[in-house]
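Below you'll find the structure, written out as structure tokens, and then a few comments.
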Amino acid sequence: MKIGLLGHGVVGSGVRKIIDDQKTIEVQELVVKRILVKDDWEMTDERMTQNADDILNDPEIDIVAECMGGLEPAHTFVRKALEQGKHVVTSNKKMLATYCRELFAIANEHGVTVHYEAACGGGIPWMAALDRIRRVDDIMNFRGIFNGTTNYILERMYHEGKDFSEMLGEAQKLGYAERDPSDDIDGFDVKYKVMLSAVKANDVLLNLDDITTFGIRHILKKDLDYCRDNGYVCKLIGRGVRQEDSVSACVMPMFLKLDDMFASTPLNFNVIECEGATLGKAAFTGQGAGSLPTAHAVVQNIIDIWKNQDSEINPKLPAAVDNRDLMGVYYIRTKKSALFADITDRYVGEDTILTEKISLSEAALRIKNVDDPDLFIAEVAE
Ligand SMILES: NC(=O)c1ccc[n+]([C@@H]2O[C@H](COP(=O)([O-])OP(=O)(O)OC[C@H]3O[C@@H](n4cnc5c(N)ncnc54)[C@H](OP(=O)(O)O)[C@@H]3O)[C@@H](O)[C@H]2O)c1
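Written as structure tokens, this is what we have:
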């Protein structure tokens, strides 16, 4: 099996290393033939090229592994690879969640597949597990701590009583957070993963913009003080719940009870759980990022293709996001708290309310109409 690698950064170099160095029977069947890099200083190996066409037009290359990140040119390169009849493995959740409708259709047309284990949960075999569970069960719901960066920030704020900006700075220094951390702290990274999880769990293509998304950008030390004083921890949770003709889907900070299995998820780890009709609940945990764990997932997908183990049996169809049945109690901190008077159960601090039990769609609609850029919302576990 000959592989063309697009990108030789954290994940791409890990893929090259595993395929070059590992000696299992499966990995010995794989060869990295060409590697796309950007800069002259990266041309350290005769396989390196700065021209993507050397990979996309090479008839000997069976599989293209895209580990470049970003929307473009990753999307264009993946599209071209599929059009040339090459299978694609990608770790790029943002690109795939944005363009999967188009890319799945092109793959179908050309009799090839798109694999994306590494795009969701890094090294955790979450997508593979969903494929297997789905062969027997409908998946009723899933939820996960899908983002190690925010988990790291929330853990340290909670245990050390530190401010958000200080912990974000530390996460950046340690390389856990990007220089522009928006995708992580505004919940978009988790939104892409919820979208891709729903593809596997429910055979649906959700519209990204319809997934209700709140992040942790505006969380304050006093929000975590409330958690600590009342027996909760705060985690950023992505969720999907199968409804009859739709899916409820959201990303939001949640105040979880201390005995919730997710409450003790350490620092930069991920944990994801799903519930199947006959399987019941099953949970998966591990390193959701990092060079070799993520590259491991890419190489697993390459081996799946080589062994023709694509278990995606059902077509993926567009479905609506509907959060009217997702009911919860919400902690809302805003200087405009008076606007929530009719749904306030009680005040728990200056400008901070707990709502009555309301639907997430109602909570989201109300918040959309509040002019307060510092508003923070979290769901409170009952
Ligand atoms: N890192 C993780 O732990 C992890 C985990 C799960 C998923 N992912 C996903 O995997 C993808 C890659 O992440 P990463 O951490 O490996 O990023 P990275 O370290 O920045 O690696 C990407 C590499 O691709 C190169 N590249 C970008 N555009 C290119 C182009 N047009 N031609 C040639 N090379 C190009 C970049 O070069 P420059 O640096 O010069 O731009 C960089 O060397 C992302 O979508 C990310 O979300 C990462």
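Counted the way this note's numbering counts, the sequence shown spans residues 14 to 395. C-beta atoms are modelled at their ideal positions from N, C-alpha and C, and glycine is treated no differently. The structure displayed is predicted, hence computed values, not measured ones.
For I198, the enclosing alpha helix (DSSP H) starts and ends at S195 to I198. Rounded to the nearest whole angstrom, the CA to CA distance from E286 to D273 is 12 Å.
For S178, the enclosing alpha helix (DSSP H) begins and ends at F177 to K186. At the C-beta level, V311 and A120 stay beyond 8 Å of one another. Secondary structure of E55 (DSSP, three-state): helix. Taken through DSSP and simplified to helix, strand or coil, H100 comes out as strand. The region 108-124 makes no contact with the region 251-269, as fewer than three CB pairs between them are under 8 Å. Membership of F389 in the beta strand (DSSP E) is indicated by the continuous run F389 to V393. Nearest to S304 by alpha-carbon distance, out of D196, L18, E288 and G27, is G27. Contact between F275 and I158 holds: their C-beta atoms lie close to 6 Å from each other, under 8 Å.
Apart from sequence neighbours up to five positions away, the residues of its chain that approach M180 with a beta-carbon distance below 7 Å are I166, R169 and M170, ordered along the chain.
For K106, there is no enclosing beta strand (DSSP E); the enclosing alpha helix (DSSP H) has its first and last residue at K106 to E122. Assigned with DSSP and collapsed to three states, E79 falls in strand.
Residue pairing by DSSP puts L19 in a beta bridge opposite L49 and E79.
The region 316-329 makes no contact with the region 194-204: fewer than 3 CB pairs, one atom from each, lie closer than 8 Å. Going by C-alpha positions, A302 is about 16 Å away from H21. A distance criterion of 7 Å places the beta-carbon of T163 beyond contact range of ligand 1, judged by its closest non-hydrogen atom. Sequence-distant Cβ neighbours of E39 in its own chain, meaning closer than 7 Å and more than five residues away, are I316. Listed in chain order, the beta strand (DSSP E) elements of length 3 or more contained wholly in the region 237-280 are 245-255 and 259-270. A distance criterion of 7 Å places the beta-carbon of V383 beyond contact range of ligand 1, judged by its closest non-hydrogen atom. Cα atoms of D71 and G135: separation of roughly 29 Å, rounded to the nearest angstrom.
The C-alpha of A354 is placed about 12 Å away from the C-alpha of T347. As computed with DSSP, K294 is found in a beta bridge with E288.
With 16 or more neighbouring CB atoms inside 10 Å of its own CB, P266 falls in the buried class. Under the DSSP assignment, M208 falls in the alpha helix (DSSP H) whose first and last residues are F201 to N215. Under the three-state reduction of DSSP, H231 is assigned to coil, being neither helix nor strand.
Distance from the C-beta of H21 to the nearest heavy atom of ligand 1 is below 7 Å.
In this chain, the alpha helix (DSSP H) harbouring L167 covers G161 to E173. Minimum Cα-Cα distance from N314 among the listed residues Y129, Q63 and L49 corresponds to Y129.
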